[in-house]
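Participant: After the structure tokens below, expect a handful of questions from me.
Residue numbers (our numbering): 467 to 751.
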């Protein structure tokens with residue numbers, strides 16, 4: 467039987483048994499997708515990151531056995547965020563990755579940009595425990611729940627990211643936006659990935675979402691023959707009583723109209739860098 471906490475968090479009642487990989491440098495030569503990262507100057511970053519990688523099952527399957535590519539994807543996303551901050555003339559001294567999983571992105575803030583005070587949190591206790599056990603001590607990582615409340619002071623952070631979080635939020639989406647805006651300092655930035663109606667149009671059988679969406683029992687009720695939906699959001703729910711058991715798609719016009727009530731929408735970037743779109747928010751001064 468699940469513990470009560472498992473309805474708002476994940477894996478609170480099971481004790482993990484971790485088996486780690488070596489640092490990313492050990493897997494560069496054998497990586498089948500390393501050519502994806504030719505635009506990255508990763509050699510110096512590899513030398514600075516001497517910490518282990520999680521095995522595939524402890525990173526929710528991302529990149530399979532291409533362990534260097536898993537690491538490089540986090541470096542790419544880190545650099546994209548900091549490039550975005552420079553574009554909007556923001557100096558980043560503090561950062562939170564909401565839904566940090568087993569540290570794909572925050573490990574790079576910690577190892578490559580140690581002067582940035584970095585936090586991570588996740589609904590999955592196993593992920594946060596892995597980060598606290600095996601990543602640098604200049605990270606602060608904690609377990610949160612699906613309730614939109616974080617133990618962080620108001621107006622205290624320069625930058626917040628949420629990778630593949632709002633793609634699974636089926637309720638209290640605007641409350642989570644409010645919570646993100648609350649803890650951002652004035653002028654602070656948020657980098658939030660979303661699945662949109664355009665994501666549905668772009669999908670093919672090689673995308674991770676293809677199988678769960680195409681095989682969902684309510685697909686024909688939610689989508690028409692052009693993979694469009696009639697409302698502002700399309701939520702594909704799965705069996706189970708706990709939260710975080712859905713895939714959610716938004717219409718971009720809905721995001722612009724509704725989320726802009728809480729913060730300034732600076733951009734919505736398509737496919738950045740791969741499957742999901744990115745909403746860039748700024749807390750008003």
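Ideal Cβ positions, reconstructed from N, Cα and C, are used throughout, including at glycine.
For the region 566 to 627, list the beta strand (DSSP E) runs that are entirely contained and at least 3 residues long, ordered along the chain.
Facilitator: Runs of the beta strand (DSSP E) inside the region 566 to 627: 583 to 588 and 605 to 609.
Participant: So what does DSSP say about residue 730, is it helix, strand or coil?
Facilitator: In the structure shown, residue 730 sits in a strand (DSSP, three-state: E or B).
Participant: Of the residues 689, 542, 555 and 506, which one's Cα is nearest the Cα of residue 715?
Facilitator: Of the candidates 689, 542, 555 and 506, the one whose C-alpha sits nearest the C-alpha of residue 715 is 689.
Participant: To the nearest whole angstrom, what separates the beta carbons of residue 494 and residue 500, a pair I think is in contact under 8 Å?
Facilitator: Rounded, the Cβ-Cβ distance is 6 Å, consistent with contact.
Participant: Hey, residue 612 and residue 710: beta-carbon distance below 8 Å or not?
Facilitator: Cβ distance < 8 Å, so residue 612 and residue 710 count as in contact.
Participant: State buried or exposed for residue 586, treating a residue as buried only when at least 16 other CB atoms are found within 10 Å of its CB.
Facilitator: With 16 or more other Cβ atoms within 10 Å, it is buried.
Participant: Nearest-angstrom Cα distance between residue 475 and residue 693?
Facilitator: Taking the straight line joining both Cα atoms gives about 31 Å.
Participant: May I have the straight-line CA-CA distance separating residue 650 from residue 550, to the nearest angstrom?
Facilitator: Going by the C-alpha atoms only, they are around 16 Å apart.
Participant: Check this for me: beta carbons of residue 596 and residue 568, under 8 Å apart or not?
Facilitator: For residue 596 and residue 568, yes; Cβs fall inside 8 Å.
Participant: May I ask you to list the residues that DSSP assigns as paired with residue 735?
Facilitator: Its beta-bridge partners are 744.
Participant: Does the Cβ of residue 570 have 16 or more other Cβ atoms within 10 Å, making it buried, or fewer, making it exposed?
Facilitator: With 16 or more Cβ atoms within 10 Å of its Cβ, residue 570 is classed as buried.
Participant: Does the count of Cβ pairs from the region 548 to 562 and the region 515 to 524 closer than 8 Å reach three?
Facilitator: No, because fewer than three Cβ pairs between the region 548 to 562 and the region 515 to 524 fall closer than 8 Å, the two stretches do not touch.
Participant: Count the CB pairs spanning the region 658 to 673 and the region 617 to 632 that are closer than 8 Å, and state whether there are at least three.
Facilitator: They touch, by the three-pair rule.
Participant: Rounded to whole angstroms, what is the Cα-Cα separation between residue 644 and residue 750?
Facilitator: Those two C-alpha atoms are separated by around 13 Å.
Participant: Using a Cβ distance threshold of 8 Å, determine whether the region 575 to 590 contacts the region 605 to 624, with at least three qualifying pairs required.
Facilitator: In short, these stretches touch, since the Cβ pair count reaches three.
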